[in-house]
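Numbering (the numbering used here), first residue to last: 39 to 562. A virtual CB, placed ideally from N, CA and C, is assigned to each residue, including glycine.
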């Protein structure tokens, strides 16, 4: 089949596809999700405090998994029972210390979670299986927000006599056409293109009946001339009712929570984006004095397999990318992390690219590595102490360096562990004079040049190793699913290569060790 024929097949399927918005009503699940939401909203900014950070994180995770993973509530991978115990312990510990209203809210959420666990219900899975039973499940797909759970969900489906492929949103943007597809999770956490050109004859958007917004088909392009043909409506189904008519002992609580629509979840709530943002404070441009030295401003990029990566805004930070459209073939290269965006393919591991480079560079430097690293650390430590002593912190030191002749004064980057030396030797000379280091500029510059050269060589060698490790099978998976893994020589863990599907708006202050590495919401 030619590429043009494949495109025609996709659009023919899209014209015939019926999209169903399928809410699911399960009393115990609804009570828990709304109780957790009410508690988290009441906490507000207190979620980031030392007192509430852990309970809030545990509760957000449980709420998100309850709404996005079609598994029995008692399944061990969800850890709901363990989480309920953790929350109950936290409530007992905070009794008499924290605000009583918050304690009461936490106890309500904990009790409703425990009730949901005891029922061991799988309302989202029941609904998905019911929809798939109308067609041939072997030619269907269940779509999750995160690849972490695809295998266990596929096993659970098979144990309930439904053998079906389970994947991520990216697999509904490829060439394959499915007879039926079920997308599980928040109706607003769906790529617009998935609904504009669905690769399935029947598509169900399965979610708990706790969300305020309903899914809709948005135009991919804003101009009326090109978007006028996007007229497909999303059909609303009656709620799929699962489990007991009412959770035991929860009648009063449930009626209180359903009194109005104010308790329903907004678009941002209960999504992976919420979890990512909640893990780090928002970056403030007015906060130039950081309480933690090795931090950086970063964007969060969501990958095709549902995981994510934190990309620094500083152009000096580097990352490995895979160039799929190079005229001479597949090419792996290092680029500035601040320049990548949707559609780019990143090479990531569970440790930062910077740490990989340091280890490889030290091997190149050999016995001189420790001495040269000490030279690198010395001037940075002296500069950091100046920022600590200066009443205006980083901004004040930068202003003084400029007044002494420095063309650039990127002090925030210079004091971090990512930096080896400033780009300009003249600027570096200004820094050493400002610090009264008494060192020979030429000698120190040459030593740091060796470190920088070792890093560049290490990056190129790693890129070459990775390129050699790519197989035809891995590239085929990358093309169809948006991600694959490869195992370069000497790596202690596989490297993930994944396409960036989205970059979340806004920035965050994150530790350097969290940057440019493969992360999932289960890491928090």
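Pairing residue 205 with residue 309 gives a Cβ-Cβ distance that is not under 9 Å.
For residue 490, the CB contacts under 7 Å within the same chain, skipping 5 residues up- and downstream, are 458, 459 in chain order. Counting only unbroken stretches of 4 or more residues, the alpha helix (DSSP H) elements lying wholly within the region 507-537 are 510-519, in sequence order.
In the structure shown, the three-state DSSP call for residue 375 is helix.
Considering only 163, 229, 527, the residue with the shortest C-alpha distance to residue 201 is 163.
Cβ atoms of residue 333 and residue 548 come within 8 Å of each other, at about 6 Å. The beta carbons of residue 91 and residue 74 sit no closer together than 9 Å. Distance from the Cα of residue 399 is smallest, within the candidate group 412, 492, 381, 115, for 492. For the pair residue 317 and residue 46, the Cα-to-Cα distance works out to about 43 Å. The three-state secondary structure of residue 335, taken from DSSP, is strand. For residue 481, the closest C-alpha among the options 537, 517, 413, 369 is that of 413.
Counting the other CB atoms within 10 Å of its CB gives residue 312 a total of 16 or more, which places it among the buried residues. Within the same chain, and ignoring the five residues on either side of residue 424 in sequence, the residues whose Cβ sits closer than 8 Å to its Cβ are 435, 472, 473.
Within the model, the alpha-carbon separation for residue 544 versus residue 449 is close to 22 Å.
From the listed residues 152, 203, 195, 156, the smallest Cα separation to residue 177 is found for 203. Taking C-beta atoms under 8 Å as the contact rule, residue 248 and residue 68 qualify, at a distance of about 6 Å. Residue 446 carries a coil assignment under DSSP once its states are collapsed to helix, strand and coil. By the neighbour-count criterion, in which 16 or more other beta carbons inside 10 Å mark a residue as buried, residue 189 falls on the exposed side. For residue 50, the three-state secondary structure derived from DSSP is helix. Positions of the beta strand (DSSP E) runs, each at least 3 residues long and wholly inside the region 139-197, are given as 178-182 in order along the chain.
DSSP, reduced to helix, strand and coil, places residue 251 outside both helices and strands of the structure shown, so it counts as coil. The three-state secondary structure of residue 479, taken from DSSP, is helix. Exposure of residue 127 is indicated by the presence of fewer than 16 other C-beta atoms within 10 angstroms of its C-beta.
According to the DSSP secondary-structure assignment, residue 221 is paired through a beta bridge with 181, 243.
Setting aside the 5 residues that flank it on each side, residue 344 is surrounded in the same chain by 183, 184, 185, 206, each with a C-beta closer than 6 Å to its C-beta; the list follows chain order. For residue 81, the CB contacts under 7 Å within the same chain, skipping 5 residues up- and downstream, are 90, 94, 140 in chain order. Here the alpha carbons of residue 52 and residue 305 stand approximately 26 Å from one another. It is roughly 24 Å from the alpha-carbon of residue 220 to the alpha-carbon of residue 381. The alpha-carbon of residue 527 is positioned some 11 Å away from that of residue 533. Within the same chain, Cβ atoms closer than 8 Å to the Cβ of residue 446 are found at 460, 461, 462, 465, the five residues on either side in sequence being excluded. Taking the Cβ atoms as the reference, residue 195 lies roughly 19 Å from residue 237, outside the contact range of under 8 Å. According to the DSSP assignment, residue 408 belongs to the alpha helix (DSSP H) that extends over 407-427. From the listed residues 199, 104, 136, 152, the smallest Cα separation to residue 160 is found for 104. Under the three-state reduction of DSSP output, residue 209 falls in the helix class. According to DSSP, residue 385 shares a beta bridge with 358, 535. If you look at residue 61, you'll find it in the beta strand (DSSP E) that goes 56-63.
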